[in-house]
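In our numbering, the protein residues as written are 3 to 118. Note that the Cβ used here is the ideal one computed from N, Cα and C, for glycine as well. Heads up: the structure comes next, in structure tokens.
What follows is the structure, given as structure tokens:
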């Protein structure tokens, strides 16, 4: 993890685009948020779960791993497979991860108040 608390610029960024079924966006968000965060338990250096402000049924799950195999250990684990099964009917299929090589990234940390 970088000093700013984000993902490392090494490795892979994996996007999992989700589309919730009509009238199921809130339920999907509640059901999948813990599963998205669980990527950290499988060695991810960072994660994010976004919901479109305009199309409230569109979600983007990002996970940052050192290698594709590390992500696959997460994605195909018993825990995450069970989470997908429990959320079945809340989202559209197929769900296909997209792998990106991180060419660069950055973030700003909030300014800390000076002690003087």
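Query                                                                                                : Result
Would residue 13 and residue 67 be called neighbours here (beta carbons separated by less than 8 Å)? : yes
For the alpha helix (DSSP H) that residue 36 lies in, which residues bound it at each end?           : 27 to 39
Name the two residues that bound the continuous beta strand (DSSP E) containing residue 63.          : 60 to 67
Could you give the DSSP three-state label for residue 16: helix, strand or coil?                     : strand
Buried or exposed: residue 151, going by 16 or more other Cβ atoms within 10 Å of its Cβ?            : The shown model of the chain, from 3 to 118, leaves out residue 151, and the question about it has no answer.
Counting along the chain, where does the alpha helix (DSSP H) carrying residue 76 start and finish?  : 70 to 77
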